[in-house]
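Accompanying notes for the structure given below.
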Amino acid sequence: MTRKRINILTPPLEDQNVRAFLAPLLANRGLLSDAGFDLRLYRQIDAELTDCDILVLNSSYWRGPWAQHRTKAVDLITELVERAPLTLFFDRASTSGTITAAILPLVKRYYKTSLLRDRSLYLRPLYGLRQFTDYYHHNDGVVDREPNWSDPIEEPNMLHKLRLSWSTALANYSLLGPRISALYEHLPFAYFMRPSSNFIPPSLNRSIDVSCRMGLNYKYETVGHQRRRLAEVLQKYRRVDRISKFAYFRELRNSKIVTSPFGYSEVNYKDFETFISGGLLLKPDMSHLETYPDLFQDDVTFVSHDWDLSNLEEKVDRILSDYPRYLEIAANGQDTYRSHTVGRDARERFVNYFLDLLDEAAVDDGETKARSADGLNRA
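Here is the structure:
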C-alpha cells in the first residue's frame, strides 16, 4: 500500500468551531491510517508543511475578520499552493452565504460547512452576509447599523470549485462534551474527540411543552430579527431567566418541542443538543441549504416553519395537539444524528465521505486517485 500524507494547517483546539472541524478526523485517525492516510497537524507555518500529498487549510488559522488578514492570507496561500501537490481550503465561517473570493482561484477545492442550494446567489452581494438576512432586509425592511454585504464571485466559472464539507455536527455536544474534547490537546486519545453516545429517548415523559430559550442581542439587526419575532409569537412559552448549563440540559431533556432559530449560522449547536436530548426540533425552513450530514429533512427529522413565521403558532399547536404522532419525527431525527456519530458504522461513514472528497479533488484534472487501493473495505 502506498501511503499518503495529509498535512493540516489549523489553530489549536481552543474553541468549539476548531474542535468540530478536527473532531471527526482525529477521532478516526486509526481508520484513516488503515486506509493508507497519515494526518499531521501544524499550528504554524513550518518548512515541512508542504511536504505532503495533500495540504488542508483550515480558515480558522487566520483569526478575526478576513478583512484584517486578506492580503497576508492570499500571499501565504499563493505560496503554499505553489509548493504543495494538492491544496484544499476549508472555510469554517458560520455564514453560508460568504465565499472569500480572493482565495477561490488559488485552490483546487473550496469547502463550506454548508452551501446555498442556489449557487447563483454567490454571484451577487447578500445583505448581512446570509441569505436569510438578505431576505429580512428586503422583505421586512430590517437595516443593520453597520451594513455588511458578501463579496460576490466575479467569475461564474469559479463556482465549480465549491464543495460541501462536514458541518459542526460531528463533535461532542453533551453537557461535558467541550471539556472532554479539550483534553485531546494534552492527552491525544481518539476517544476524547468522539461524539456523545448517551441519548435520551424521545418517548420520555416530558412536562415542558416548548423550550424557547434563546439570546436576542446580536450585533446585526438582520441576524437578531427572526429571534425577536419568534419570541413575540411564542411569548407564553419563552423563558428568560438565566440558568446553569446543567439546568439547561435538564430543560432540553424535559421538553417536547425545542425551538432553534437562526443565529450567526442557520445550523446551531442547539440542533445537535436537541437530537441528543430527544426533543422535537422546530426550526425555520432549511431547504435553501445543503449540509452534511443531512440532518434537516422537513417532517422527517425535524419540523420547519416559514421564515416570515406566519405558520409558527399553528405548527406548535398542531404538534402539541397530536404529540404522539410527532414523536416519530423526533425519533427519526435522533436516529439519523446517531447514525452519523456513534459506532463503527458512523465512523466508517465519515471516513468514506472524507476520502471521497479527496478522490474527487484529485481525479478532476486527470490526477492520480487519492484513495488507496485497499480503502476501508467499504467498499
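First residue of the sequence shown: 191, per my numbering; consecutive thereafter.
Here a beta-carbon is modelled for each residue, glycine too, at the ideal position from N, C-alpha and C.
At 4 residues or longer, what runs of the alpha helix (DSSP H) sit wholly inside the region 412 to 497?
Within the region 412 to 497, the complete alpha helix (DSSP H) runs of at least 4 residues are 435 to 443, 459 to 467.
8 Å Cβ cutoff met for Ser-467 and Ile-370:
Not closer than 8 Å, so no.
Thinking just about the alpha-carbon of each residue, which of Phe-211, Asp-496, Leu-199, Ile-196 is nearest to the one in Pro-385?
With distances taken between CA atoms, Pro-385 lies nearest to Phe-211 out of Phe-211, Asp-496, Leu-199, Ile-196.
Would you list the residues sitting across from Ser-304 in a DSSP beta bridge?
DSSP lists Thr-481 as partners of Ser-304.
Restricting to Cα atoms, I'd like to know which of Leu-245, Arg-508, Trp-356, Arg-253 is closest to Ile-267.
It is Leu-245.
CB Asn-248 to CB Phe-280, shorter than 8 Å?
Phe-280 sits close to Asn-248, with the two beta carbons spaced by under 8 Å.
The region 493 to 503 / the region 474 to 485 touching (three or more Cβ pairs under 8 Å):
Contact check between the region 493 to 503 and the region 474 to 485: three or more CB pairs, one atom from each, fall below 8 Å, which counts as touching.
Going residue by residue through the region 284 to 370, where are the continuous beta strand (DSSP E) segments of at least 3 residues, counting only ones entirely within it?
As far as the region 284 to 370 is concerned, its whole beta strand (DSSP E) runs of at least 3 residues are 299 to 302, 304 to 306, 352 to 354.
In the DSSP assignment, find the alpha helix (DSSP H) that holds Thr-277 and state where it starts and stops.
For Thr-277, no alpha helix (DSSP H) run applies; the uninterrupted beta strand (DSSP E) run containing it begins and ends at 277 to 281, by DSSP.
Taking only three categories from DSSP, how would you classify Tyr-408?
Tyr-408 falls in the coil class under three-state DSSP.
Across which residues does DSSP place Ser-401 in a beta bridge pair?
Within the DSSP bridge table, the entry for Ser-401 names Val-448 as partners.
Taking just the CA atoms, how far does Gln-206 sit from Met-383?
If I take the Cα positions, the gap works out to 11 Å.
Taking just the CA atoms, how far does Gln-416 sit from Leu-231?
If you take the alpha carbons of Leu-231 and Gln-416, they lie about 39 Å apart.
So Tyr-482 packs on Ser-357, CB below 8 Å; how close in whole Å?
Cβ atoms of Tyr-482 and Ser-357 come within 8 Å of each other, at about 6 Å.
Sorted by chain position, which residues of the same chain lie with C-beta nearer than 8 Å to Ala-569's C-beta, five sequence neighbours on each side aside?
Model confidence at Ala-569 stands at a pLDDT of 37, short of 50, so the residue's coordinates are unreliable and nothing is read from them.
State whether the region 338 to 347 contacts the region 283 to 295, with contact taken as three or more CB pairs (one from each stretch) at a distance under 8 Å.
A contact between stretches requires three or more CB pairs, one per stretch, nearer than 8 Å, and the region 338 to 347 meets this requirement with the region 283 to 295.
Can the beta-carbon of Glu-411 be found closer than 8 Å to that of Asp-334?
Taking 8 Å as the Cβ cut-off, Glu-411 and Asp-334 qualify as a contacting pair.
Return the Cβ separation of Tyr-300 and Leu-352 in integer angstroms, given the expectation that the two are a contact with Cβ distance under 8 Å.
With 8 Å as the limit, Tyr-300 and Leu-352 qualify as a contact, their Cβ atoms being about 6 Å apart.
Could you please give the first and the last residue of the uninterrupted alpha helix (DSSP H) stretch that includes Arg-208?
Looking at the sequence shown, residue 208 is not Arg but Val. First-last of the alpha helix (DSSP H) with Val-208: 206 to 217.
Using alpha carbons as the reference points, say which of Gly-220, Tyr-516, Gln-234 lies closest to Asn-197.
Residue Gln-234 is the option with its Cα nearest to Asn-197.
Buried or exposed, going by whether 16 or more other CB atoms sit within 10 Å of the CB of Ser-450?
Counting other Cβ atoms within 10 Å of its Cβ, Ser-450 reaches 16 or more and is therefore classed as buried.
Using 8 Å as the threshold, is the C-beta distance between Leu-470 and Ala-520 below it?
Yes, the Cβ-Cβ distance between Leu-470 and Ala-520 is below 8 Å.
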